[in-house]
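Worksheet: one structure, shown below.
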Amino acid sequence: MLTKQARIVAMTCTHAALTRAHLLTLPFKYDTVVMEEAAQVLEVETFIPLMLQQLDETDAGSTGRLKRVLLIGDHNQLPPVVANMALQQYSRLDQSMFAR
């Protein structure tokens, strides 16, 4: 039903990461990704929903189907949560891609 009838699919970046293996087996095609609360998402987490579709023969030599990425959020609110203080301080993981 997801691949044939859904026009909008909503999930968190965490859910996309947890179900990535299953989602890659689906013939699901999309060209737009909207990330809400983007000021709280780490850069590495943003790659997961961007890469959840398989390229087929018609996509050979192209950049794929993704055409738009829309980041929505407020960088003045909560930053990303990084539990390891060393990573937070020395790797700048406390700064989201949205803030960058």
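Everything in the sequence shown is counted per the numbering used here, starting at 534 for the first residue and increasing by one.
Backbone N, C-alpha and C define an ideal beta-carbon position, used for all residues, glycine too.
For clarity, every value in this text was computed on a predicted model and none was experimentally measured.
Closest to residue i by CA distance: which of the options is it?
i, options, result
"residue 611", "562, 619, 601 and 627", "627"
"residue 552", "629, 582, 573 and 575", "582"
"residue 603", "547, 609 and 564", "564"
Can you say whether residue i is buried or exposed, counting buried as having 16 or more other CB atoms within 10 angstroms of its CB?
i, result
"residue 653", "The displayed coordinates of the chain run from 534 to 633. Any statement about residue 653 would go beyond what the structure contains."
"residue 578", "buried"
"residue 568", "buried"
"residue 542", "exposed"
"residue 629", "buried"
"residue 622", "exposed"
"residue 614", "exposed"
"residue 538", "exposed"
"residue 580", "exposed"
For residue i, which beta-bridge partners are listed by DSSP?
i, result
"residue 569", "605"
Starting from residue i, follow the alpha helix (DSSP H) in both directions and report where the run begins and ends.
i, result
"residue 557", "553–558"
"residue 621", "618–623"
"residue 582", "576–583"
Establish whether the CB of residue i and some CB of chain C are separated by less than 9 Å.
i, result
"residue 556", "Among the protein chains of the structure shown there is no chain C, as only one such chain exists."
Anyone know if the C-beta pair for residue i and residue j falls short of 9 Å?
i, j, result
"residue 605", "residue 576", "no"
For the ligand NAP, is there a heavy atom less than 8 Å away from the beta-carbon of residue i?
i, result
"residue 615", "No copy of the ligand NAP occurs in the structure displayed, which carries no ligand at all."
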